[in-house]
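First residue of the sequence shown? That's 4 in our numbering, and the numbers climb one at a time after it.
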Amino acid sequence: MFRLCTAVEGPELEGEDVQLREQIMVGASRYADELIMRRHRVCGARKILIVTCTESWGYSQGKLNRLLADVAATHLAAGGCEVRMFECTEVNSSQWNAEQEVKNIVWADAIIFQFPVWWFSHPWAMKKWFDRGWLVGKVCANDGRTRKDPTKRYGTGGLLNDKFYMISSTWNAPQPIFRDPEGIFYGLGTDMSLNAVHVTGSFTGMTALESFSCHDVMKDPQIDADIDRYKIHLNRVFDLHATTPTHLNKMSSDLKSAAPSSESFFGN
């Protein structure tokens with residue numbers, strides 16, 4: 004019989020509870036395998052689209068994410084890549100050209116999504132970019148199902164099967180909390196926390212590359228070290244042998260010195 008769960012002991016598992024736990028464990032194992040594959044996946048893409056969300060709201064001014072997008076663009080170009088950039092904000096959303104954005108997506112070999120994490124997802128402007136730009140008919144043919152068996156193959160109708168995507172995100176949350184099984188994220192890492200973005204990429208047929216993230220950017224920012232880590236990450240993921248001009252490190256210093264407080268700059 005089911006017993007009330009307490010802080011000391013949990014419920015006795017029977018029937019559907021056992022099935023639920025087994026189902027979750029199978030899914031967790033598959034998810035772990037996918038994360039390991041991403042860690043070792045190398046992409047030879049040379050046409051890169053960087054989509055950046057740099058909302059300005061309260062103490063979050065978007066400067067850090069704009070900087071990281073510039074770092075990526077400069078570093079990828081130094082490695083021989085052709086780069087296109089798009090910055091989405093709520094302010095400029097009325098000027099977006101959905102058809103042009105789809106052309107950029109079709110052009111690209113890989114897409115980097117650069118954004119601050121607001122309430123454990125991307126800001127609303129990037130969601131609006133997905134909603135407006137990805138419904139034009141070039142990223143998905145359908146949801147993958149057939150009327151003959153409508154319960155199978157959902158999410159397999161994407162048309163971007165030859166493309167890759169990578170998430171680069173900035174967090175107020177410190178990195179160790181993502182590996183703490185007793186913490187708010189159950190120890191499942193940043194990727195699980197952004198799973199909606201990954202499911203969106205998978206739905207269109209794209210293949211995930213290992214994500215990059217900066218942590219504790221408000222209370223303990225390590226921006227220069229993060230930039231160095233990011234360049235190493237880009238070299239490995241995109242199989243580059245690039246070095247970045249030193250002015251990017253100066254750009255980081257200039258932004259930090261210009262900020263009235265750490266929260267004004269490092270609020271993503």
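For glycine and all other residues, C-beta sits at the position ideal for the given N, C-alpha and C.
State the DSSP-derived secondary structure class of residue i, mapped to helix, strand or coil.
i      : result
LYS166 : coil
ASP20  : helix
GLU90  : strand
GLY161 : strand
VAL54  : strand
CYS149 : Checking the sequence shown, residue 149 turns out to be Thr, not Cys. In this structure, THR149 counts as strand in the three-state DSSP scheme.
GLU85  : strand
TRP121 : strand
ALA211 : strand
ALA113 : strand
THR193 : helix
THR154 : coil
Give me the Cα-Cα distance between residue i and residue j, rounded to the nearest whole angstrom.
i      : j      : result
ARG135 : ALA101 : 6 Å
LYS234 : ARG41  : 17 Å
MET88  : ILE114 : 10 Å
LYS166 : ASP112 : 5 Å
ARG150 : GLU19  : 29 Å
LEU243 : ARG24  : 42 Å
VAL45  : GLY190 : 26 Å
ASN107 : ARG156 : 28 Å
GLY83  : ASP73  : 15 Å
THR207 : ILE180 : 31 Å
VAL200 : MET129 : 10 Å
ASP231 : GLN98  : 34 Å
PRO177 : GLN225 : 11 Å
ALA81  : ARG182 : 34 Å
GLN26  : ASP227 : 42 Å
ASN145 : ASP152 : 14 Å
SER205 : GLU17  : 34 Å
ASN95  : VAL120 : 20 Å
Would you call the CB atoms of residue i and residue j closer than 8 Å?
i      : j      : result
SER124 : LEU67  : no
GLU90  : THR57  : yes
ASN175 : ASP223 : no
VAL105 : ILE53  : no
GLY140 : THR159 : no
LEU237 : ALA75  : yes
LYS50  : TRP110 : yes
LEU70  : PHE241 : no
PRO126 : PHE133 : no
Leaving out the 5 sequence neighbours to the left and right, which residues in its chain are closer than 8 Å to residue i when beta-carbon positions are compared?
i      : result
SER214 : ARG41, MET169, ILE170, SER171, SER172, THR193, ASP194 and LEU197
MET209 : ILE114, GLY161, LEU163, ASN164, LYS166, PHE167 and TYR168
Taking its Cβ as the centre, do 16 or more other Cβ atoms sit within 10 Å of residue i, making it buried, or is it exposed?
i      : result
ASP229 : buried
TRP2   : Nothing about residue 2 can be reported from this structure: the residues present for the chain run from 4 to 271 only.
VAL295 : Only positions 4 to 271 of the chain appear in this structure, which leaves residue 295 out of reach.
ILE39  : exposed
ALA35  : exposed
CYS8   : Because the pLDDT at CYS8 is just 46, under 50, the model does not fix this residue reliably, and the value given afterwards should be weighed accordingly. Answer is exposed; the Cβ neighbour count stays below 16.
GLY47  : exposed
Using a Cβ-Cβ cutoff of less than 6 Å, which residues in the same chain neighbour residue i once the five nearest sequence positions on both sides are dropped?
i      : result
PHE116 : VAL54 and ILE170
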